[in-house]
Each structure stands twice: as C-alpha cells, then as structure tokens.
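Worksheet: the structure to be examined is printed underneath.
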Amino acid sequence: MRKLRLGVIGCGNIKKKHIQAIFLNRDKIALTSVCDLYAERARDFRDSYLALTGDGENISIYTDYLQMLRKEKLDMASILTDSGKHYTIASDCMERGINVLVEKPLALSLDEVDSLTRTASVNKVKLGVVHQYRFNPLISGLKHCIDTGRLGRLFYGVTTVRWNRNREYYTKSKWRGTKHLDGGVLMNQCIQNIDILQWLLGEKAAEVYAYKQNYAHPYIDTEDTVLALIKFGSGMLGMVEGTVSIFSGNLENSIAVFGEKGSVKIGGKALNRIDVWDLEGCDSGAACAASGDKLSLIQSSGCHGYVYKDFINKLESREEPAINGNEARKSIEIVLAIQQSAELGLPVNLPLKGGTNNWE
672 MRKLRLGVIG
682 CGNIKKKHIQ
692 AIFLNRDKIA
702 LTSVCDLYAE
712 RARDFRDSYL
722 ALTGDGENIS
732 IYTDYLQMLR
742 KEKLDMASIL
752 TDSGKHYTIA
762 SDCMERGINV
772 LVEKPLALSL
782 DEVDSLTRTA
792 SVNKVKLGVV
802 HQYRFNPLIS
812 GLKHCIDTGR
822 LGRLFYGVTT
832 VRWNRNREYY
842 TKSKWRGTKH
852 LDGGVLMNQC
862 IQNIDILQWL
872 LGEKAAEVYA
882 YKQNYAHPYI
892 DTEDTVLALI
902 KFGSGMLGMV
912 EGTVSIFSGN
922 LENSIAVFGE
932 KGSVKIGGKA
942 LNRIDVWDLE
952 GCDSGAACAA
962 SGDKLSLIQS
972 SGCHGYVYKD
982 FINKLESREE
992 PAINGNEARK
1002 SIEIVLAIQQ
1012 SAELGLPVNL
1022 PLKGGTNNWE
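Quick note: the sequence shown uses this note's numbering, first residue 672, plus one each step.
Put into structure tokens, the structure is as follows:
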C-alpha cells in the first residue's frame, strides 16, 4: 500500500515529539515536505528526522505553507504553529482536500472550532487534534477501570499543572503569552489536563467558577495562574489548578479521580507515575487494571506516536479520529467558560450562549 504523503507546517518547540512520532509511523507515512517561516528551523526538522531514518529521502523545505500546498500532493498535514494560526492553516489545508492533524488547542474560539468541523465534513477529509494524554497508558488504564465500574460511582476529580515558564520561554517566541495567539496558561498549558478530566469523568460540564491571576509574568498579557471549580451534569465536581509561576522548575502534572470504590492519582512531572492506585478488590497497593492484571509503572515521556497511529488508522478505515473537532471542542468550551467566570467574578453556565469567540 502506498504511504501517505505528509507535510509538516511549523517547527517550534514541540517538533521533537512529532519527529519521533513520524519516525515511529514511517511504515505508513512518508514525510515529503516541511514548512516554517524560518528556513533554518524547517531544515533542522528535516535533518533531525533523516538522522533517525538514516535515509537520503528527498524532503522539500518551504517558508510559505500556501506554496507548499500548491506544489506538494499531500495526503495529510501536521500543523504545529502558534495556536492563533491553527484555524487559518487548517482551513486552507482541508479546503484543498488534505487531512489535517492539529496540535492542541485546535483553535482559540468555538466559532473557529465549529467552522473547522464543518470544513472537514464538506470536503470529506479528517480533522484530528493532538491530545496525546488520552493515549498515555496510565490514563487509558484509568479510563478502562472507570468505564468498567471499578471505581463505582464517581465523586470528583482534580487536575494540577504546577510548572515554570521563565522570561526566556516567552521572549523566545513572541506569540507566547499573548491573548490572541497563545490564549494563556489555560489554553496553552492546561487544556490537555482539562481534556482528560472531562473525558475520564464522562459527563458534560454544566457550570464553572474560577479565579485567575498573573503573579510572576508582568511582561505577558494573559494569566499565569488559574483555579477553577467545575460542576458536571450529575453534580459530580472537578477542580483545575494551573500555573506556570512555580519557582525554579516544573513541579507536578497530575490528575486524581475519587469514587465510592476507589481512589487513583497519576502524577509525577509529566503524568508518568502512579502515586495512588487503591481500588476495591485489588490485592496490591500498586496498580491494578480492570482485568486484575498489574498496570505497568512506566515512564510515559510522550504519546504523540499513538496519536499519529490512531489518525492514520482512521484514515484507512474511514472512521473518525479518537479526538476530532467535536471532541476537542469540549475542553475549549470549558477553558472559555473558566476565562469568562474569572473575568466576571461569577459562575458561568454551560453550554456557552451568545458570542462564542475568545473571552475579551
């Protein structure tokens, strides 16, 4: 079977994850072109990939993605640009019949998300979003336990992102920390955790109440710290703590779920460690999957390869990717509601009504 022709647009900090993911799926995809506003960054992406493959593949370099779309016969494009450009680039790709895999967040407004979903449908292409935490074996193991009733009735869940982002991080790329291209700590750093929180709990958010502050980054125009409470449809509760103002370095990235028959916390600095796995009927204080098998205490340094594998398989089977536009919309709506609540100092009900653009 012919390999899918892949073009990459954007070569920022996340590029290493995508280089590895493309390499792991090289039996199904062929990287044919790379685009970045800065040619040297595109060449670095290409050279890093070729260093893994050991091949002399012909990978074209572009600084104009529209030129790349015109010249290359692509089957799919991976979009890794700053968040505020995802919408325009993804639209341009799909309108040309190209399947698109977009880094999180899919877009910065619900209007844009809905437009992208429609564009994918009209042009009969697939739209996928990189929410790789869903493919983390520890998270997917917890999801399996929840779905098979191992935790019983769920009470609440908590997710925490306690990271450090210094001045160099923001000055290195001018779009970071801006309201219209970055979206703040919620949209950039926390949206993955909000996605898995609502996915694990399995209900639609009904109401949020939130506070936000900028404690340590006076040179950016967004918040650097957020605390939010989420009430879900059945009355189940969720809590989100997100900050990039932790002294010195990253401290924690965790999620915990509590139910009538068990408590689970997955933590570490990158959701790569089981802190608590206490389920009724388990004969061990370590990890226990729904089948009774131990869940490996593994280091999950990144799951982008699984995202690519799912997307490629769904292209072949003509099914929807695990995280399509409709799935990605859920966490974006929660983020926008949290921002709105923090600005107003009031609880905000979901689904959001009226304007669905970025909260100003």
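Even glycine gets a Cβ: it sits at the ideal position worked out from N, Cα and C.
Q: Have a look at Leu908 and Ser1002 and give me their C-alpha separation to the nearest angstrom.
A: 15 Å
Q: Taking 9 Å as the cut-off, decide whether the C-beta atoms of Gly823 and Lys744 are in contact.
A: no
Q. How many angstroms separate the CA atom of Ser934 from the CA atom of Leu809?
A. 14 Å
(Q) Since Leu852 and Leu813 should fall inside the 8 Å C-beta cutoff, what is the C-beta to C-beta distance between them, to a whole number of angstroms? (A) Contact flag wrong, Cβ pair sits at about 33 Å.
Q) Hey, would you say Ile730 sits closer than 9 Å to Leu721, going by beta carbons? A) yes
Q) Which of the three DSSP states, helix, strand or coil, is assigned to Arg789? A) helix
Q: For my contact list, Ile1009 and Ala881 are in at a C-beta cut-off of 8 Å; report their separation, rounded to the angstrom.
A: 4 Å
Q. How many Å lie between Lys699 and Glu711 at the Cα?
A. 27 Å
**Q.** C-alpha gap between Lys795 and Gly768, whole angstroms
**A.** 7 Å
Q: Write down the C-beta distance between Gln863 and Gly913 rounded to the nearest angstrom, noting that I regard them as a contact closer than 8 Å.
A: That belief does not hold up - the Cβ atoms of Gln863 and Gly913 are roughly 10 Å apart, past 8 Å.
Q: Report whether the distance from the Cβ of Leu723 to the nearest heavy atom of the ligand GDP is below 8 Å.
A: Among the components modelled here there is no ligand, and therefore nothing to report on the ligand GDP.
Q. If you compare alpha carbons, which of Ser780, Arg1000 and Ser811 is closest to Lys850?
A. Ser780
Q. On the three-pair Cβ rule with 8 Å, is the stretch 822-841 touching the stretch 910-927?
A. yes
**Q.** Segment limits, alpha helix (DSSP H) that includes Ala722
**A.** Ala710 to Thr724
Q: Consult DSSP for Asn770 and reduce its assignment to one of helix, strand or coil.
A: strand
Q: Go to Arg676, then tell me how far its beta strand (DSSP E) extends in each direction, as first and last residue.
A: Leu675 to Ile680
Q: Quickly, what does DSSP pair Asp949 with across the bridge? List them, please.
A: Ser934
Q | Among Cys682, Leu723, Gly725 and Thr724, the one whose alpha carbon lies nearest that of Val705 | A | Cys682
Q: Return the CA-CA distance between Met739 and Tyr733, expressed in angstroms with no decimal places.
A: 6 Å
Q: Take Ser749 as the anchor and find which of Glu894, Lys775, Asp785 and Asp866 has the nearest alpha-carbon.
A: Lys775
Q.
Which residue wins for smallest C-alpha separation from Leu675, given the options Glu990, His888 and Phe982?
A. Phe982
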